[in-house]
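Below: the structure, in structure tokens.
Protein chains in written order, with the numbering used here: chain A, 2 to 234; chain B, -14 to 189.
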């Protein structure tokens, strides 16, 4: 499968069609069924929940079939005769052996391949971005205005931020440093500042997550009131 | 043999990936692309694991005569029906996409939007200010939310500025520290797997 074919499969899947009136009604019922859980657990919600699990699982299977299995059998093996590719495919099939009594250990073969590949990927590819992050932590404290009428002059705000950033990173690492017992004011205070930094970071992440969910909620309400009922213009 | 062969495969897989990354012979052979393709095929072959697990679970519940029999039947019927539909007319088929747009997409986004209610109740419980740390987290979350909406900007220019500072300095510093720690931890775990010290995956 060429990249453009893959893109076409993906775009076929992601670009929504203009919905027909029947689709809008079905979508509205599905939305209301899920929202009914706000009232309490009920049979309509449970039905929607089971349908959701079924459709999501089936959709995943069809996507993998269209994106990988079909091109693999039709193009790679059928047309180009790349029979060697049947080996990894057969190795992948061994995962189903876990249900066969006496042959369950065969499922460890694909599992060990995946784990080994993942570990190899970490060893081969993760040091570079990790060291880039480390390097970028040690920024120059003395900052100047990057542009504007004061460009090149001392920038107090930027300098304070650089110091705070450096202190935040180092103290966060100190918080997770369990090799040495936290005795003495230096260890205790650096660990405490690290905890505050983590709390600020998690609070900011939490606020962003809430906003994401809220925008989804607003989208569904807009769909119900606008697209379905036509009350919004 | 049941453990030695998988352990050997693990070590070989690590070596192949590392070799293809760091050695020019591996780069010349374009090993990364080849091994990535092979790996994707092994993943693709295992695509039915989820379907089979769901089938076994719900058939088992049907056999036991549980009171969820109607939902179990619906789940199995819809799942296999939708798979059959996708195999017949592909994921770009008219009926397949009709169901996708009218049922799956709304169910998916509504399910996630429902988390807004859970988050609201969770934050009510978590953010009751019982300590200085909890107060810091609550203030940061409130400032980020207020700074992102027009109301915050209308109230004071302080809110968008505070949000920008929190995201650029505090959040980056906190997550940078966590990422560096997690990255070093990941490297250590990968070494343990390579050396055969970590063998949890062989117990499956």
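Using N, Cα and C, we set each Cβ at its ideal position, and we do this for glycine too.
DSSP-derived helix/strand/coil call for residue i
{"i": "residue 145(A)", "result": "strand"}
{"i": "residue 155(A)", "result": "strand"}
{"i": "residue -13(B)", "result": "coil"}
{"i": "residue 113(A)", "result": "helix"}
{"i": "residue 234(A)", "result": "coil"}
{"i": "residue 110(B)", "result": "helix"}
{"i": "residue 171(A)", "result": "helix"}
{"i": "residue 181(B)", "result": "coil"}
{"i": "residue 8(B)", "result": "coil"}
{"i": "residue 138(A)", "result": "helix"}
{"i": "residue 95(B)", "result": "helix"}
{"i": "residue -7(B)", "result": "helix"}
{"i": "residue 169(B)", "result": "helix"}
{"i": "residue 43(A)", "result": "coil"}
{"i": "residue 180(A)", "result": "coil"}
{"i": "residue 188(A)", "result": "helix"}
Span separating the alpha-carbon of residue i from that of residue j
{"i": "residue 15(A)", "j": "residue 76(B)", "result": "Unreliable positioning characterises residue 15(A) in this predicted model, as indicated by a pLDDT of 48, which lies under 50. A coordinate reading is not provided."}
{"i": "residue -4(B)", "j": "residue 173(B)", "result": "15 Å"}
{"i": "residue 59(A)", "j": "residue 173(A)", "result": "43 Å"}
{"i": "residue 64(A)", "j": "residue 156(A)", "result": "53 Å"}
{"i": "residue 113(B)", "j": "residue 119(B)", "result": "7 Å"}
{"i": "residue 210(A)", "j": "residue 152(B)", "result": "13 Å"}
{"i": "residue 116(A)", "j": "residue -8(B)", "result": "10 Å"}
{"i": "residue 243(A)", "j": "residue 166(A)", "result": "Nothing about residue 243(A) can be reported from this structure: the residues present for chain A run from 2 to 234 only."}
{"i": "residue 185(B)", "j": "residue 61(A)", "result": "28 Å"}
{"i": "residue 149(A)", "j": "residue 103(B)", "result": "46 Å"}
{"i": "residue 33(A)", "j": "residue 20(A)", "result": "18 Å"}
{"i": "residue 159(B)", "j": "residue 206(A)", "result": "10 Å"}
{"i": "residue 121(B)", "j": "residue 204(A)", "result": "8 Å"}
{"i": "residue 221(A)", "j": "residue 57(A)", "result": "19 Å"}
{"i": "residue 158(A)", "j": "residue 124(A)", "result": "39 Å"}
{"i": "residue -1(B)", "j": "residue 122(A)", "result": "8 Å"}
{"i": "residue 5(B)", "j": "residue 92(A)", "result": "21 Å"}
{"i": "residue 217(A)", "j": "residue -6(B)", "result": "44 Å"}
{"i": "residue 105(A)", "j": "residue 81(A)", "result": "34 Å"}
{"i": "residue 43(B)", "j": "residue 109(B)", "result": "36 Å"}
{"i": "residue 31(A)", "j": "residue 97(B)", "result": "13 Å"}
{"i": "residue 177(B)", "j": "residue 183(B)", "result": "5 Å"}
{"i": "residue 114(A)", "j": "residue 88(B)", "result": "37 Å"}
{"i": "residue 131(A)", "j": "residue 146(B)", "result": "29 Å"}
{"i": "residue 136(B)", "j": "residue 214(A)", "result": "18 Å"}
{"i": "residue 186(A)", "j": "residue 107(B)", "result": "35 Å"}
{"i": "residue 194(A)", "j": "residue 179(A)", "result": "16 Å"}
{"i": "residue 9(B)", "j": "residue 188(A)", "result": "45 Å"}
{"i": "residue 41(A)", "j": "residue 90(A)", "result": "46 Å"}
{"i": "residue -11(B)", "j": "residue 33(B)", "result": "27 Å"}
Local Cβ density within 10 Å of residue i, reported as buried at 16 or more and exposed below that
{"i": "residue 219(A)", "result": "exposed"}
{"i": "residue 152(A)", "result": "exposed"}
{"i": "residue 143(B)", "result": "exposed"}
{"i": "residue 130(B)", "result": "buried"}
{"i": "residue 162(A)", "result": "buried"}
{"i": "residue 223(A)", "result": "exposed"}
{"i": "residue 149(B)", "result": "exposed"}
{"i": "residue 88(A)", "result": "exposed"}
{"i": "residue 193(B)", "result": "The requested residue 193(B) is not part of the displayed model; chain B covers only -14 to 189."}
{"i": "residue 84(A)", "result": "exposed"}
{"i": "residue 154(A)", "result": "exposed"}
{"i": "residue 62(B)", "result": "exposed"}
{"i": "residue 64(B)", "result": "buried"}
{"i": "residue 38(B)", "result": "exposed"}
{"i": "residue 228(A)", "result": "exposed"}
{"i": "residue 39(A)", "result": "exposed"}
{"i": "residue 132(B)", "result": "buried"}
{"i": "residue 85(B)", "result": "buried"}
{"i": "residue 190(A)", "result": "exposed"}
Residue i beta carbon near the ligand MN (any heavy atom closer than 7 Å)
{"i": "residue 164(A)", "result": "This structure does not include the ligand MN; it has no bound ligands of any sort."}
Chain E contact for residue i (CB, 8 Å cutoff)
{"i": "residue 190(A)", "result": "Absent from the structure: chain E. Protein chains present are A and B."}
**Q.** the region 149 to 163 of chain A: positions lying closer than 8 Å to chain B by Cβ
**A.** 162
**OP:** Taking a Cβ distance cut-off of 7 Å, strictly less, list which residues of the region 43 to 62 of chain B are near chain A, in chain order.
**Re:** 56, 59, 60
Along the chain, which unbroken stretches of the beta strand (DSSP E) at least 3 residues long are found entirely within the region 49 to 83 of chain B? none
Report the residues of the region 97 to 124 of chain A with a CB closer than 9 Å to any CB of chain B, ordered along the chain.
Of all residues in the region 97 to 124 of chain A, only 97, 99, 100, 105, 106, 107, 108, 109, 110, 111, 112, 113, 114, 115, 116, 117, 118, 119, 120, 121, 122, 123, 124 come within less than 9 Å of chain B when Cβ atoms are compared, listed by chain position.
Alpha helix (DSSP H) runs wholly inside the region 57 to 114 of chain A, at least 4 long, in chain order: 87 to 94
* What residues in the region 199 to 211 of chain A bring their beta carbon closer than 9 Å to a beta carbon of chain B? -> Correct list: 199, 200, 201, 202, 203, 204, 205, 206, 207, 208, 209, 210, 211.
**Request:** With 8 Å as the limit, tell me which residues of the region 77 to 100 of chain B have their beta carbon closer than that to any beta carbon of chain A; keep them in chain order.
**Result:** 77, 81, 82, 83, 84, 85, 86, 87, 88, 89, 90, 91, 92, 93, 94, 95, 96, 97, 98, 99, 100
Residues from the region 153 to 170 of chain B in contact with chain A, defined by Cβ distance under 8 Å: 153, 154, 155, 156, 157, 158, 159, 160, 161, 162, 163, 164, 165, 166, 168, 169
| query | Could you give the uninterrupted runs of the alpha helix (DSSP H) lying entirely in the region 25 to 49 of chain B, keeping only those of 4 residues or more? | reply | 34 to 48
Taking only beta carbons into account, state which residues of the region 65 to 78 of chain A come closer than 7 Å to chain B, listed in chain order.
-> Cβ contacts with chain B come from 65, 66, 67, 69, 70, 73.
Exercise for the section: Below 7 Å between beta carbons is the criterion; list the residues of the region 163 to 187 of chain A that meet it against any residue of chain B, in chain order. Expected result: For the region 163 to 187 of chain A, the beta-carbon criterion of a distance under 7 Å to any beta-carbon of chain B is satisfied by 165, 166, 169, 170, 173, 174, 177.
Next item on the list: Scan the region 84 to 96 of chain A for residues whose Cβ lies nearer than 7 Å to a Cβ of chain B and list them as they occur along the chain.
Entry: Within the region 84 to 96 of chain A, the qualifying residues are 86, 89, 90, 92, 93, 94, 96.
| query | For the region 30 to 54 of chain A, which residues have a beta carbon sitting closer than 7 Å to at least one beta carbon of chain B? | reply | 31, 32, 35, 36, 38, 39, 47, 48, 49, 51, 52, 53, 54
#### Entry: Contiguous alpha helix (DSSP H) assignments of at least 4 residues, all confined to the region 129 to 171 of chain B
135 to 140, 143 to 150
**Prompt:** Which residues, in chain order, does the region -2 to 11 of chain B contribute to contact with chain A at a C-beta distance below 8 Å?
**Reply:** Within the region -2 to 11 of chain B, the qualifying residues are -2, -1, 0, 1, 2, 3, 5, 6, 7.
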